[in-house]
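There are 2 protein chains.
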Amino acid sequence: MSAFLPSKFPLIQAPLAGAQNSAMTIAVCRAGGLGSLAAAMLPVEKLEQEIQTIQAACDAPFNVNFFAHTMPQITAEQQDQWLSLLDQYFNEWDIDKNNLPQGVIRRPFDENQLAVVEKYRPPVVSFHFGLPEKKLLDAVKATGAIVLSSATTVEEGLWLQENGADFVIAQGIEAGGHRGIFLNQDLSTQMGTFALTQVLSQKLNIPVIAAGGITDVSSIQAALKLGASAVQMGTVYMLCHESTISTLHRQALEQATRQPEKYPTAVTNIFSGRPARGIVNRLMQETGFVHPHALPFPFAATATGALKSVAEKQNDTSFSTLWCGQNPTGCKNISAYDLTMELVQAFL
Amino acid sequence: MSAFLPSKFPLIQAPLAGAQNSAMTIAVCRAGGLGSLAAAMLPVEKLEQEIQTIQAACDAPFNVNFFAHTMPQITAEQQDQWLSLLDQYFNEWDIDKNNLPQGVIRRPFDENQLAVVEKYRPPVVSFHFGLPEKKLLDAVKATGAIVLSSATTVEEGLWLQENGADFVIAQGIEAGGHRGIFLNQDLSTQMGTFALTQVLSQKLNIPVIAAGGITDVSSIQAALKLGASAVQMGTVYMLCHESTISTLHRQALEQATRQPEKYPTAVTNIFSGRPARGIVNRLMQETGFVHPHALPFPFAATATGALKSVAEKQNDTSFSTLWCGQNPTGCKNISAYDLTMELVQAFL
């Protein structure tokens, strides 16, 4: 089904929590794409400032992305199992596991973030991990925002359509970072971008945005052939000047861009408690990519974040979240504006 | 890289071991596609007859597909663990686990099959699970056959190029049936069709054939946009008149075709010992999709085949290999000739 995003071109820069700020949003918007701001790891005051910065810089439409998970209750047993799993690493790096620094906790969309949406009225609001509760969602929609959310299966796409999404992002298994999976946590039935985009485009009455493995003009055109009305691209922006990833993450991505055969990615729940795709590294390999004792999202990130922080000081990425999709070959060390101008040739 | 298959159109009907015979090969060839014959489960005499049938019916080029695995040594402990895993089912169906019917054992390409290739000289020979040993491969190539094999990762694609394949099939994670995976058995780094096709097309000097989730004219065109020189399509042929799948398999596919959200597929090693994608059913769910005690390929199939055989007599698909890719929506109950004539519109 054809339909239109408010941006000049139907290309969304994927929200990259922890890897971007308003500078990237602005650069993409100026080139006619739909720039996104990833709000999930921003305190509310910072979120407000970032939106103000975007609105002052450019009057093009933009997207603000929130997470829509529910915060789990953690039992003492879960906590013990989790810390035991990591015990050898705490010893190796001389970390006191009973006194871990808190770090940023990824919180779901709430009344405070809603107040920011109501005040600044971003034209597009996207959610990851489903949708927020109805009262919050209705309030977002009442601002006039177009609402997007990600589906990783056909079932999730139908659920999102029934529960108020205006567009569905078909997040194929190729996509980097956190899987949007929300109806269950079974990775076995997660679908590839090629199949998911086609099937959702056929089965839904609302438009589909393809995501996962899209990296250049030809692959944008391929996604449109599969029935998508728009594309969302994340990994390809991660080497751009505006990307805020660490030097170590940047080096890892550069290697994967040149030699994807040597630096494959995999989906792991070990860093945050939820499945996410990144370049394979030591922790993923040693614990196994998906471990039942990973503390439920978002709480696993406290311990792995502490390990990451200490190891990265020694230039060691054993515990780093090297988020990356299955096709990093399009990544370029140029401005997000220039990259977007290249990519939107697909629509001309 | 552009290059040409000997068929009129660059569309291969995927070899469907256990689901087709020469009738399908012939129908596809007559419509200008490259029909395949799946040889892995055929005795040599039957293989000869089938090739004779094809050559008598049609002088178009065709493909014969063989498996290239190595036969594993099974220990008594492996056998015990495997039968223990299935014990409850043997009891449930009153099967004597010490006296299982042998069934068809999938054997790798050997001197006897080579003799058939040398005698009948099929224009294309494809292998699954890598390539046969060099002496056998060289002999196949000496017949003039174009040699294809499947890669499921970038690393496998480079390996096949270095080791004598003329074309590489990019078998994305969407594909139904057995994964061609051969360099290791780690499913975590298996790639989606969208990303794999693009990356292999960029990295290889030989042409790439996209496979997995391709189901209609638009998706063929999408695969070409991703850099593929040709496509290979399997699931879409499985409801054709020429398909030899059981009535129960046909019914399951028809359901998945109508309601893919209700009948998802998953990759499992439980039926044969090697990962293969099929519609989720009871055995897959109860043992878990991938179980370390599944007897190495091809030997697991003896026990699961016995269960399947008994259960299917009661119209029960708990143990059936319901092979199917992630997008069955293009399946049609028409002749493979008519289906191919529709699909090749993509190239006109």
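Order-wise, the sequence lines are chains A and B.
Using our numbering, the letters of the first sequence map in sequence onto residues 1 to 348.
Using our numbering, the letters of the second sequence map in sequence onto residues 1001 to 1348.
Note that CB positions come from ideal geometry on N, CA and C, so glycine has one too.
{"Item": "DSSP bridge partner residues for B/His1128 (one or two, in chain order)", "Value": "B/Phe1067"}
{"Item": "Contact under 8 Å by Cβ, B/Gly1227 with B/Ala1175", "Value": "no"}
{"Item": "Beta-carbon contacts of B/Val1064 that lie in its chain and below 6 Å, excluding the five residues immediately before and after", "Value": "Leu1037, Ala1039, Pro1122, Val1125"}
{"Item": "Contained beta strand (DSSP E) runs [length at least 3] in the segment 1237-1271 of chain B, N- to C-terminal order", "Value": "1265-1268"}
{"Item": "Element boundaries [alpha helix (DSSP H), containing A/Ile54]", "Value": "44-57"}
{"Item": "Cβ-Cβ distance between A/Val236 and A/Arg179 below 8 Å", "Value": "no"}
{"Item": "Rounded C-alpha distance that separates B/Leu1187 from A/Thr143", "Value": "44 Å"}
{"Item": "Neighbourhood of B/Ile1095 by C-beta distance below 8 Å, restricted to the same chain and skipping five residues each side", "Value": "Tyr1089, Ala1306, Leu1307, Val1310"}
{"Item": "Residues of the segment 1162-1196 of chain B whose Cβ lies closer than 7 Å to any Cβ of chain A, in chain order", "Value": "Gly1172, Ile1173, Glu1174, Ser1188, Thr1189, Met1191, Gly1192, Thr1193, Phe1194, Ala1195"}
{"Item": "Amino acids of chain A, ordered along the chain, whose beta-carbon sits closer than 9 Å to that of B/Leu1158", "Value": "Glu261"}
{"Item": "Beta carbon proximity, A/Leu85 to chain B, threshold 8 Å", "Value": "no"}
{"Item": "Same chain, Cβ closer than 6 Å to A/Ala57, five either side skipped, listed in chain order", "Value": "Ile26"}
{"Item": "Same chain, Cβ closer than 6 Å to A/Val28, neighbours up to 5 away in sequence not counted", "Value": "Gln13, Gly35, Ala336, Thr340"}
{"Item": "Span of the alpha helix (DSSP H), counted from its first residue to its last, around A/Val117", "Value": "111-120"}
{"Item": "Three-state class that DSSP yields for A/Val280 in the structure shown", "Value": "coil"}
{"Item": "Closer than 8 Å to chain A by CB, B/Thr1287", "Value": "no"}
{"Item": "B/Ala1151 - partner residues in DSSP beta bridges", "Value": "B/Ala1170"}
{"Item": "CB contact check: A/Ser219 to chain B, cutoff 8 Å", "Value": "yes"}
{"Item": "Where A/Gly157 sits in the DSSP three-state scheme", "Value": "helix"}
{"Item": "Delimiting residues of the beta strand (DSSP E) encompassing B/Leu1011", "Value": "1011-1013"}
{"Item": "Cβ of B/Leu1037 within 8 Å of any chain A Cβ", "Value": "no"}
{"Item": "Amino acids of chain B, ordered along the chain, whose beta-carbon sits closer than 8 Å to that of A/Leu322", "Value": "Ordered by position in chain B, no residue passes the 8 Å Cβ test against A/Leu322, which lies about 14 Å from the chain."}
{"Item": "Chain-ordered neighbours of B/Ala1300 on chain A, where CB pairs are closer than 9 Å", "Value": "Chain A residues near B/Ala1300: none, gap ~18 Å exceeds 9 Å."}
{"Item": "Beta carbon of A/Val208 nearer than 8 Å to that of A/Ser219", "Value": "no"}
{"Item": "B/Gly1035 - partner residues in DSSP beta bridges", "Value": "B/Phe1062"}
{"Item": "Coil, strand or helix - A/Ile209 by DSSP", "Value": "strand"}
{"Item": "Presumed contact (8 Å Cβ cut-off) between A/Pro264 and A/Val290, rounded CB distance", "Value": "The Cβ separation is near 16 Å, so there is no contact."}
{"Item": "Neighbourhood of A/Glu118 by C-beta distance below 6 Å, restricted to the same chain and skipping five residues each side", "Value": "Thr143"}
{"Item": "Residue-level contact to chain B via CB, A/Lys317, 8 Å cutoff", "Value": "Per the sequence presented here, residue 317 of chain A reads as Thr, with Lys not at that position. It does not: the Cβ of A/Thr317 has no partner Cβ on chain B nearer than 8 Å."}
{"Item": "Cα-Cα separation, B/Thr1317 to B/Gln1255", "Value": "13 Å"}
{"Item": "A/Gln221 - containing alpha helix (DSSP H), residue span", "Value": "217-225"}
{"Item": "Contacting residues, own chain, Cβ-Cβ under 6 Å from B/Met1024 (five flanking each side not counted)", "Value": "Glu1242, Ala1336"}
{"Item": "is_contact[A/Val236, chain B] using C-beta, thresh 8 Å", "Value": "no"}
{"Item": "Cα-Cα separation between B/Cys1324 and B/Gly1278, rounded to whole angstroms", "Value": "5 Å"}
{"Item": "Contact list for A/Ala19 against chain B, beta-carbon separation under 9 Å", "Value": "Result: empty, since nearest Cβ-Cβ is about 20 Å, beyond 9 Å."}
{"Item": "Nearest residue (CA-CA) to B/Leu1283, options B/Phe1271, B/His1293, B/Ala1276", "Value": "B/Phe1271"}
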